[in-house]
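J.: The structure is given below, and queries will be raised subsequently.
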Amino acid sequence: MTTDVRYRPGGDNSVLKLILHGLYKNRCYWCRVPKEYNELEIDHIIPRDASKDRLAEIGQELHLAGPLDVHDPGNLAPICRPCNNEKGAVDYTGHARILVLLRNAMKLAPRVKQNVLRFGATSGLAKALLKAATADLAAQADRELFLMHAPSIAQRLSLLGYDLDEISSYETVEVASASLGAIDFSVELSGSARRAWVILSDVCGATWRDLLDGPVDDILNAVKERALNELEVGDEVSSTTSEVPGVDFVQLDVNHVKFEREGDLFEFVVEGMFEVGMSASVARSDDRGDGLIYLNGEVYAKGTYWIGLVWDSADEDLQVNDFKVEEWSPEVLIYP
């Protein structure tokens, strides 16, 4: 097998796609919704038809050794078909979100290359694993056959010491936001988090909407406040914005639940991640200092949050008692 790991136009990219699927936690990188292997395609973050001059320019912007190689894993990510159609061949390089996604792909690239080479698609076992992982289970008979024999594979994994409890379960939950309407949360739980959720739902009678309908706006407002501050600081030039940043897109995940009990009180903490893109009009002094110029401001941010809840078993009352946005990693662009 060649040691040159890259996308091959017109060639077999199934192993590369499988590795990308796993490293991106079975999600489309654009909408972050969990997807089956066959629902995904390989996306070129910077379009493959970008001009040589543009690729050289991007290489300089990202401090690469040369022009960006569009087929290198550092420019590849798994994307679902609807998102790929939406994104198209547009060069979003000037957008804060694309810069973050491209840097993330470049960070993952060494692992992508290593895992593709380790997979060794020429071996019998590798071929069987690839076929099982990529099988189209749309047909009822194929799905039934897969489910019939899956427990024997799970049993073998257990005998090899693999903790099956750490395999994640996925769920998409729609919650209501006063400012944005319906928002989807992607819930991914495993191990102790899944067991804590069973207590929260079965014992306390909670649903995800009970927990998230209120806090979602608290989280968004806290994020908007931070984004406003980022735009006012801008690129180290004093700026002001006369409006609260508008939310262009938001993606919210729940990935952990934990609890403690003290007498009749059950205390829960729901933890998750967010990605959000926001924009606003930015004003700053002109070069003469006697007037204002108006620019476009854009913030793309990733971070974490937690929500604290208390359930009193004496009166069966579940209340949200606290929330906090913690990690905050923004990318800010201000442009004409």
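Going letter by letter, the sequence shown gives residues 101 to 436 in the numbering used here.
Where is the CB? At the ideal position from N, CA and C, for every residue including glycine.
#1: Please report how far the alpha carbon of Met-101 lies from the alpha carbon of His-163, in whole angstroms.
#2: To which residues of the same chain is Val-420 closer than 8 Å at the C-beta, ignoring the five residues directly before and after it?
#3: Going by the beta-carbon positions, is the gap between Asp-401 and Val-376 smaller than 7 Å?
#4: Less than 7 Å separating the beta-carbons of Tyr-72 and Thr-234?
#5: Do Ala-196 and Glu-431 have their beta-carbon atoms positioned less than 7 Å apart in this structure?
#6: When the Cβ atoms of the stretch 207 to 214 are set against those of the stretch 147 to 155, are three or more pairs found closer than 8 Å?
#7: Using the C-alpha atoms, what's the distance from Gly-391 back to Cys-128?
#8: Given a cut-off of 7 Å on the beta-carbon distance, is the pair Met-373 and Asp-353 in contact?
#9: What residue range is occupied by the uninterrupted alpha helix (DSSP H) comprising Val-354?
#10: So, helix, strand or coil for Val-275, using DSSP?
#11: Mapping DSSP to helix, strand and coil, what is Asp-317?
#12: Residues bridged to Pro-430 by DSSP?
#13: Shortest alpha-carbon distance to Gly-363 belongs to which of Val-287, Ser-413 and Leu-300?
#14: With DSSP as the reference, label Val-170 as helix, strand or coil.
#15: Report buried or exposed for Arg-388, applying the criterion of at least 16 other Cβ atoms within 10 angstroms of its Cβ.
#16: Which same chain residues end up closer than 6 Å to Trp-411 when comparing Cβ atoms and leaving out the 5 residues on each side of it in sequence?
#17: With a Cβ-Cβ cutoff of 7 Å, do Val-350 and Lys-324 count as a contact?
#18: Where does Trp-130 sit, in a helix, a strand or coil, going by DSSP?
#19: Roughly how many angstroms separate the alpha carbons of Glu-161 and Val-133, rounded to a whole number?
#20: Buried or exposed: Gly-110, going by 16 or more other Cβ atoms within 10 Å of its Cβ?
#21: Runs of 3 residues minimum, wholly inside the stretch 196 to 265: which ones carry the beta strand (DSSP E) assignment?
#22: Where does the unbroken alpha helix (DSSP H) through Leu-311 begin, and where does it stop?
#23: From this set, Asp-169, Arg-309, Leu-260 and Glu-139, which residue's C-alpha is nearest Asp-149's C-alpha?
T.: Let me lay it out:
#1: Since pLDDT at Met-101 reaches only 47, below the 50 mark, its modelled position is unreliable, and no value is offered.
#2: Apart from sequence neighbours up to five positions away, the residues of its chain that approach Val-420 with a beta-carbon distance below 8 Å are Leu-311, Gly-314, Pro-315, Ile-407, Gly-408 and Leu-409, ordered along the chain.
#3: The question names Asp, but residue 401 in the sequence shown is Ala. Taking 7 Å as the Cβ cut-off, Ala-401 and Val-376 qualify as a contacting pair.
#4: Residue 72 falls outside the range modelled here, since the chain spans only 101 to 436, and no answer is possible.
#5: A contact, by the Cβ cut-off of 7 Å.
#6: Result no; under three Cβ-Cβ pairs closer than 8 Å.
#7: Counting only the Cα atoms, Gly-391 lies some 45 Å from Cys-128.
#8: Yes, they are a contact pair.
#9: For Val-354, no alpha helix (DSSP H) encloses it; the enclosing beta strand (DSSP E) starts and ends at 346 to 362.
#10: Val-275 carries a strand assignment under DSSP once its states are collapsed to helix, strand and coil.
#11: Note: Asp-317 maps to helix in three-state DSSP.
#12: Here Pro-430 is bridged, per DSSP, to Ala-401.
#13: Nearest C-alpha to Gly-363: Ser-413.
#14: Looking at Val-170 - three-state DSSP - the assignment turns out to be coil, as it is neither helix nor strand.
#15: With fewer than 16 other Cβ atoms within 10 Å, it is exposed.
#16: So the qualifying residues of the chain are Cys-304, Phe-366 and Leu-418.
#17: Taking 7 Å as the cut-off, the Cβ atoms of Val-350 and Lys-324 do not count as close.
#18: Coil.
#19: CA-CA distance, Glu-161 to Val-133, rounds to 30 Å.
#20: Classification of Gly-110: exposed, given that the 10 Å Cβ count is below 16.
#21: Correct list: empty.
#22: For Leu-311, the enclosing alpha helix (DSSP H) begins and ends at 308 to 312.
#23: Selected option, being the one with the closest Cα: Asp-169.
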